[in-house]
Each structure stands twice: as C-alpha cells, then as structure tokens.
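Student: One structure is given below, represented as structure tokens, and several questions about it will come after.
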Amino acid sequence: MTMKRIAFAITLTGLFYCIVIDQGHPQTQGKSESTIELSYYKKADMTKTAVAIVKVRRDSKFVPAKNAKVVFYVMHENVQRLLKSVNTNNKGKAVIVLQKDLPLEEDHSFSIVAKIENDSMYENAEEYIHYKDANLTLHLNPHDTDRIVTARVTEVGNDGKEIPVKGVELKFYVQRMFGIMPAIEANTISTDEKGEATLVYPKNIPGDSAGGLTVVAKIEDNEQFGNLENKAVTSWGTVLEAEKDPYPRSLWEPSAPLPLILSITLMFGGVWCSYFFIFFHLRKIKKGENILL
Amino acid sequence: MVNETLNLPAGQAGLKNGIEILREDCLRPLQKWGRSTLIWIGFLLLVIGWGLYCYIHQLRNGLGVTAMRDYVSWGLYISTFVFFIGISHSGTLVSAILRISKQEWRRPITRSAELLTFVSLLFGGILPIIDLGRPDRLANIVIFGRVQSPLVWDVISICTYLVGSTTFLFLPMIPDMALCRDRLTVCDSRFKKFRKWLYTKMALGWKGTKSQWHTLELTMTTMTIVIIPVAVSVHTVVSYIFAMTLRPGWDSTVFGPYFVTGALYSGSAGVILGMAAFRKLYHLEKYITLKHFDLMGRIQLALTLIYAYLNLNEYWIPAYKMATAEGRLLTDLFYGSYSKAFWTCQFGTVMLPIIFLAIPKLRKPLMISITCIIIVAGAWVKRYLIVVPTLLHPFMPIQEVPESWSSYFPNYVEFSVTAACLAGIFLIITLFSKLFPMIAVWEVEDGLKIDYDKQAAIYLRTKREEEEAKILEDRLKTGSETIQQPA
C-alpha cells in the first residue's frame, strides 16, 4: 500500500513537472528556442571572418533570429577568451573579422565559440568550430594560351614550414557581376601529393571590354580548413563588345519611338498652343485693349 | 446687326421688349432659392457625405473593402468613368458641331450642353483616381510615366479636354457675366457680395465694345475648331486603354469609332434630358421649344443608327468566328450570366430608341425624355458589360484564387462612392444654375436680332415690291392714257 502511494506520488510529481515546470519554463521566461550555425571564411585578401547564423523556432519552423546578441570567443590552451559580441541582422547573421594576432595552437589550429548568453529573447545556445590555418594560392600565366590555372593548398607544419595538403576538394569559378559562375560543369578537383589542383579554363568565357576575367578557386565547407578562397585576374576572356544601343527606341523598351513622341507632342502641343492663344486674348479682353481693330 | 434706320411699326420696340423679357426670364431663376432647392442640395450633400465616408473607409482599409479582386480589378468605377467621359461629349456635339455648322436653333441649349461636358468630365477624371489603391502615387504617372502607355495618353488627353471644355464653357459666359454684374447685384438675391465679386471677376471687365466682341468671336471660333478633335481624341484614347490590352472582347479595331459614337449617342441623350429638365424647372418653354426636341430627336436617331451599325460589327464578327476565349465570353454574354443584362441593353438602347425616335409625334418632351433616360441608363450598363465580363474571361485563368473571385457584383462601397460622384454632378449643375443663367442670353439675343433682321428684310422687300407694283400699275394706267391720247 505504501509502495503504491509512493508510486502514485512520483507519478503525480512527474506529471506536475512535465505539465507545469518543463512546459511552463519558456512561457514564464518568454524565450524562444534558438540554434547557431558557425562558419569560418578566409578570403582572397587574407581576411578571416567568423559568421554565425542564428535561427529561432517559430511554429515548428526555424526562421532567422533578428537582433540576437552573439558572443564570440577563441579557445586557447583550453581557456576561452572573449573576442567580440555582435547583434544579428534581419537575416539572423552576425559576422566578426578575426584579427591577424588570433592566438593559434601549436599545430596552427584555432577554435572559435559562438554563444547566445542570457539574451532576453532567446534561449542560450552555443556552437564551436575547430580549423587549421591553411593557404590557398593560385598560379597562372595570364598570357598562357592554354589557360591553365593551378591552385595549391598548404598548411603550416610544427616547424613553421608549408606542407602541401593532399585530397582537398577545390572548386573553380569565374567572377560575374552579381556572383560566381562554375568555370566548367564538373568544377570540383582534388589536390594531389603536391597539394595542387589544375584546371584548363574554357576559351569561350566572356570577359570585360579588354577580355579581362577573374578566376576564383574555393575550398567550401572543408572539415579541416573551413572555407578558403583566392582570386586572380587574367586576360583569358573573350572581348565583350558593348552593345552600342542596348535599348533601341520601341514600344516595349524604356524609350519611346521618336515618331510616337513627335506625333503626341505635335497633336497636344498644337492644342495647347491654341489654348494659350485664347488665354492671351482673354487677358486682352480684361485689359480692354483694342487688339484687333 | 440691326438696321438702325429701319422704322418698322412696333419693330424695334418689339425687339427691345423681347430682349428685355428674355433677360428677365433667364435671370429670374438666379434670384430664387426655394425650399425645394435647399432640400435637394441637402439630399445631394448627404449622398456625397456618405460616399466620402465610404471612400475614406476604402482608403484606410484598401481596395479589399470593394468587391474587386484579382479577376475584376476594373469594376463599377472604371465602367462609370467610361460612361461619364461619354456623356462629356454632349458639349462638343451640341455646342461645337452645331455652332460650326451655323445651326441657329442651337442657341438656347448650348450652355447646358457645355456645363454637362464640364461636370461629367470632372467626375469622370476623378473616378480612375478613386479606383487606385494608393492615390498618393498618382504623381508617379507623370514622374515615371511611359509615353508608350495608353494610360499616359489618357491622362494627357483628359486633362487637355478638361481645360478646353472649361474654357469653352467660360468663353460664352463672359457677356452674360457682365449682364449679371450689372443687374443681379442691385437686386435682392442671396450672397449679394459674393455674387458681385464673382460676376465682376468673371466678366473680365466686359463693356461690350466692338473690339471685345471681335476678340470673343475670334477666341470662340478657335475654341470651337480645337475642341472637336480633342473630344474625339479623348474617347478614342479611352477605347485604346481597352483595345490595346490583349483580352477577349477588347481586341477590336472598331473600338475607337465605336466608343466615340457611343459617347456622342449617350451625350446627346444627356443634353435632351438637361433641356427637358431646365425647360420645366425654370419655365423656359419660350426658348427651348418643341422644335428643339424634334431636331435633337432627329440627331439622336441618326446617332442611334450609327451606334447600332457599329454595335453589330462589334459582336457579329467575333460571334461568327467564336474563337476559344472570345467564344466563351460571347457565350456568357448571349446565353450565360450576363445574357439578361446584355439583351435588355441591346433592346433598350438600340431597338427601342430607333422605333420611338423615328416617329415624329413621339419626339415630344415627355416621350423623348423617357427614351433618353432609357438610353443613358442603358449606356451605363453597356459600359459595365464592356469592362466586367471581359475581365472575368481572361485568356489564361488566374490560378489558386478562391472560387468566389471568378464572379463580380459591386458592393455597397462602390455603389456609395459612385452615387456620390453622380450626386456631385447634380450638385454642381444645381449650384451653377442658381448662380449663372442656364441659357446663353447674348447668344439668344443675337438669334432674336437675326430673326428681326430677316423679318425686317422680308418686310422691306414686300413693301418695296408693293410700291414697285403700285408704281408699275400707275405707269401702266398713265401709259394707257398716254397711248390713248395719240389715238
């Protein structure tokens, strides 16, 4: 009997916890469940950035969390050091530029932690990345008629020397005005023992008015190195001759055909001239001038 | 004009007396604001007030408060806009065309026709703005408007026509304003100070000098010539808004002349109604005579026949082909949900007026007014039938919309706002008729003088012929005596 009572009490307490305490907590706090996606980018100009994308659960969907305070730390020798805190934008994005003096471990790796801590709107969340510092270089001869580009991936060894990295997947692109375009259909190439990946660029890619073309090599979401990118300007593109008159005058272009403008101007201009002629004479009536006789 | 040396028995005195009576008859309604007028104005203000309330409701909550949805985005407002623009052709027809063709009988009815043009155009121009969900963006059509767009042509031509018709209304009013300035400010009338100021301003210092008359004649002739093509352009451009859109029922080359004829047809019916109303209300039977109704009836008949011919072309040619989308629209019009309205409209606005107007005995004020009421109401329904069924039958059906959106009938907001516009037209006409003479006094005076000159000429000719006959008779008598003498 006693056991039954204890079991009943435990069940009641469990139910109470589930219904009131566990579910009631977010209601009383008014905070939303949030997640962080953390990425690392090393651009062509050697700037390094850490990007945190914060999302929040709304009606069983994750949507960008606006104005969430994200605190970035760097881990060094098992100690967290504060880097910076940044608020997310409308897309839930918070970005920090990592300084050149970012403390690295002995193997030239680093760890970044992004946290949401004690935010009034969002629940606490945390994400951690650990990458090794690597270099991506591009070798090409702009005057090479074969249009060969070689990308080399190296990491820094314990002795400070650069070591080629084998088996890293590289992607080759061409810079366009509003983004990047794959250089060829199968644009993913792995590096060899020398840490090199080579691609022959097609000859028919349109460049600028001088045939200038920017080639781009990227390492995307690599588990060792994160995201790396490098660019080089060549003259491998076909010369793009600017259209002399890209929008000729017509009914469906921004500028109307001249005969139409001329017709409308003549028709309505003639009418308005007649009106002004009348208004002018009305003024004369008012002044009582003898204008016709 | 008048032969000053002429000394007809009671001639000049009769003319002067006639002119005086005319002036008194035309100015009398301006001095009386009866209770019925005030009640009528109050009623119109109530309708306008309610319409304004509904429009503010529409502005605050968007066009969703109307019955218009994705299928029908041009409903009652745009149908009424086309109808009002059509009515605005009345002034051009009666005033300009009859003036240019020197039809003397036009004189007493030009003012009301020109006024009808002005007010219907004013409210016709307002309706597309009401149809805009964001009227604050109206200036964008000027700032970013494309010259290629018929909507821009429409804005240009309607503005041009509005300025022209206002000038055309104002010009012949100048001598009458001087008459009002000299006469009405001394009599006991409402708003004496305001009237004095208004008439003085509008008379432009008119003294009736020879140079002023010449200037007025010159400006009026210019305006008469200019206003006709402008009026034609307005309704042609309104038709282009439809005809240049690729939709079944609108893709027609006959739309330009069809709209212009339809406008003249409904506009002249509006003028006849105005004539009948002012004749009855202001006791102008002496000036707006049965002859005017008979002649306007003939014009109306001619216009109805032309309209019927174009109407036949508009429906018969696509009905012969029954091409897919066009066929669906025509089936709906001929046998479907709009068939009752369509056939009633065809019978009422084409068949019935032809029968009624062809019989001279029926071209009397009452019967012709009934006919014209049917024509005007039918013309309104016709515009609705041009706009709405086409929008409900697009080439490609609009997807993922509620079933209810595929039908349309205006709701209380649209009816209220449209009624307010109509009330606005009546209010302006009422106030105008209480401030200004509804007959162009000086034009009718001119008519009287011309009549007097004609009569004087006939009198002189008859008198001269009589004298010559008498002299001849005397000579013959004398001659016979002279002949007899030598014998």
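First to last, the protein sequences are chains A and B. Per the numbering used here, residue 7 is the first one in the first sequence, and the count goes up by one each step. Per the numbering used here, residue 0 is the first one in the second sequence, and the count goes up by one each step. We put the beta carbon where it would ideally sit given N, CA and C, even for glycine. Just so we're clear, the structure is a prediction, and the values are computed from it rather than from any experiment.
Of the choices B:240, B:424, B:175, B:166, whose alpha-carbon is the least far from that of residue 226 of chain B?
Tutor: Ranking the options by Cα distance to residue 226 of chain B, first place goes to B:166.
Student: Look at the Cβ atom of residue 116 of chain B, then the Cβ atom of residue 85 of chain B, and state whether they are nearer than 7 Å.
Tutor: Going by C-beta atoms, residue 116 of chain B is not nearer than 7 Å to residue 85 of chain B.
Student: Thinking just about the alpha-carbon of each residue, which of A:274, A:16, A:39, A:49 is nearest to the one in residue 156 of chain B?
Tutor: Of A:274, A:16, A:39, A:49, the residue nearest in Cα terms is A:274.
Student: Could you run through the region 252–281 of chain A and flag, in chain order, every residue whose CB is less than 9 Å away from some CB of chain B?
Tutor: Cβ contacts with chain B: 256, 257, 258, 259, 260, 261, 262, 263, 266, 267, 270, 273, 274, 276, 277, 278, 280, 281.
Student: Do you know how far the Cα of residue 27 of chain B is from the Cα of residue 291 of chain A?
Tutor: Cα-Cα distance, rounded: 28 Å.
Student: Which residues of the region 203–215 of chain B have a Cβ closer than 9 Å to any Cβ of chain A? Give them in chain order.
Tutor: Listed by position, the residues of the region 203–215 of chain B near chain A (Cβ gap below 9 Å) are 203, 204, 205, 206, 208, 209, 210, 211, 213, 214, 215.
Student: Residue 155 of chain B touches chain A at which residues, Cβ-Cβ below 7 Å?
Tutor: Near residue 155 of chain B (Cβ distances below 7 Å), the residues of chain A are 274.
Student: Using a Cβ cut-off of 7 Å (strictly closer), state whether residue 146 of chain B contacts chain A.
Tutor: It does: the Cβ of residue 146 of chain B has a partner Cβ on chain A nearer than 7 Å.
Student: If you run the structure through DSSP and keep just helix, strand and coil, what is residue 60 of chain B?
Tutor: Note: residue 60 of chain B maps to helix in three-state DSSP.
Student: Shortest alpha-carbon distance to residue 425 of chain B belongs to which of B:440, B:119, B:104?
Tutor: The shortest C-alpha separation from residue 425 of chain B is found at B:119.
Student: Are the beta-carbon atoms of residue 238 of chain B and residue 92 of chain B separated by less than 7 Å?
Tutor: Their beta carbons are not under 7 Å apart, which means residue 238 of chain B does not touch residue 92 of chain B by this criterion.
Student: Report the three-state DSSP secondary structure of residue 114 of chain A (helix, strand or coil).
Tutor: Correct three-state label for residue 114 of chain A: coil.
Student: At 3 residues or longer, and completely inside the region 156–214 of chain A: list those beta strand (DSSP E) runs for me, N to C.
Tutor: With a minimum length of 3 residues, the continuous beta strand (DSSP E) runs that stay inside the region 156–214 of chain A are 168–170, 175–182, 185–188, 194–196, 202–206.
Student: List the residues of chain A that residue 163 of chain B touches, going by C-beta distances under 8 Å, in chain order.
Tutor: Within 8 Å Cβ-Cβ: 277, 281.
Student: Please list, in chain order, the chain A residues whose beta carbon lies closer than 7 Å to that of residue 201 of chain B.
Tutor: Those within 7 Å of residue 201 of chain B in chain A number zero; the least Cβ separation is about 11 Å.
Student: Express the C-alpha separation of residue 91 of chain A and residue 74 of chain A in angstroms, rounding to a whole number.
Tutor: Taking the straight line from one Cα to the other gives about 10 Å.
Student: Using a Cβ-Cβ cut-off of 6 Å (strictly less than) and excluding sequence neighbours within five positions of residue 199 of chain B, which residues of its own chain qualify?
Tutor: Within the same chain, residue 199 of chain B has close Cβ partners 180.
Student: Express the C-alpha separation of residue 60 of chain A and residue 42 of chain A in angstroms, rounding to a whole number.
Tutor: The straight-line gap from Cα to Cα measures roughly 5 Å.
Student: Here's the rule: buried if 16 or more other CB atoms are within 10 angstroms of the residue's CB, otherwise exposed. What is residue 78 of chain A?
Tutor: So residue 78 of chain A ends up on the buried side.
Student: If you check the beta carbons only, do residue 296 of chain B and residue 367 of chain B fall under 7 Å apart?
Tutor: Yes. Within cutoff.
Student: Strictly by DSSP, which residues pair up with residue 318 of chain B?
Tutor: Partner(s): none; residue 318 of chain B has no beta bridge.
Student: Rank B:413, B:150, B:449 by C-alpha distance to the C-alpha of residue 56 of chain B and give the top, closest one.
Tutor: Closest by alpha carbon: B:413.
Student: Kindly give me the distance between the Cβ atoms of residue 234 of chain B and residue 392 of chain B, rounded to whole angstroms, as I take these residues to be in contact under 8 Å.
Tutor: No, residue 234 of chain B and residue 392 of chain B are not in contact; Cβ-Cβ is about 24 Å, not under 8 Å.
Student: I'd like the list of long-range same chain contacts for residue 15 of chain B, defined as Cβ closer than 7 Å, with 5 residues on each side in sequence excluded.
Tutor: Nothing meets the Cβ criterion.
Student: When the cut-off is 7 Å and only beta carbons count, does residue 287 of chain A lie next to chain B?
Tutor: Cβ-Cβ to chain B under 7 Å: yes for residue 287 of chain A.
Student: Cα separation between residue 454 of chain B and residue 241 of chain B?
Tutor: Using only the alpha carbons, I get a separation of about 53 Å.
Student: Is it the case that the Cβ atoms of residue 75 of chain B and residue 409 of chain B are separated by a distance below 7 Å?
Tutor: Yes, Cβ-Cβ distance for residue 75 of chain B and residue 409 of chain B is below 7 Å.
Student: What do you get for residue 341 of chain B, buried or exposed, if any count of 16 or more other CB atoms within 10 angstroms of its CB means buried?
Tutor: Answer is buried; the Cβ neighbour count reaches 16.
Student: Could you pull the start and end residues of the alpha helix (DSSP H) that residue 106 of chain A belongs to?
Tutor: Counting along the chain, residue 106 of chain A falls outside any alpha helix (DSSP H), and DSSP gives it neither H nor E.
Student: Taking Cβ-Cβ distances shorter than 8 Å, what residues in chain B pair up with residue 290 of chain A?
Tutor: The contacting residues are 214.
Student: Give every residue of the same chain whose Cβ lies closer than 8 Å to the Cβ of residue 206 of chain B, excluding the five residues on either side of it in the sequence, and list them in chain order.
Tutor: Taken in chain order, the residues that qualify are 177.
Student: Does the beta carbon of residue 223 of chain B come closer than 7 Å to any beta carbon on chain A?
Tutor: Not an interface residue.
Student: Looking at residue 241 of chain A and residue 218 of chain A, is the spacing between their C-beta atoms short of 7 Å?
Tutor: Yes, the Cβ-Cβ distance between residue 218 of chain A and residue 241 of chain A is below 7 Å.
Student: Check whether the Cβ atoms of residue 179 of chain A and residue 222 of chain A sit closer than 7 Å, and answer yes or no.
Tutor: In this structure, residue 222 of chain A lies closer than 7 Å to residue 179 of chain A by Cβ.
Student: Excluding five sequence neighbours on each side, which residues of the same chain lie with their C-beta closer than 6 Å to the C-beta of residue 33 of chain A?
Tutor: Any answer about residue 33 of chain A is weak, because its pLDDT of 40 lies below 50 and its placement is not dependable; what the coordinates show is given next. Same-chain partners within the cutoff: there are none.
Student: On a CA-only basis, which of B:194, B:109, B:144 is nearest residue 168 of chain B? Give me that one, please.
Tutor: Nearest C-alpha to residue 168 of chain B: B:109.
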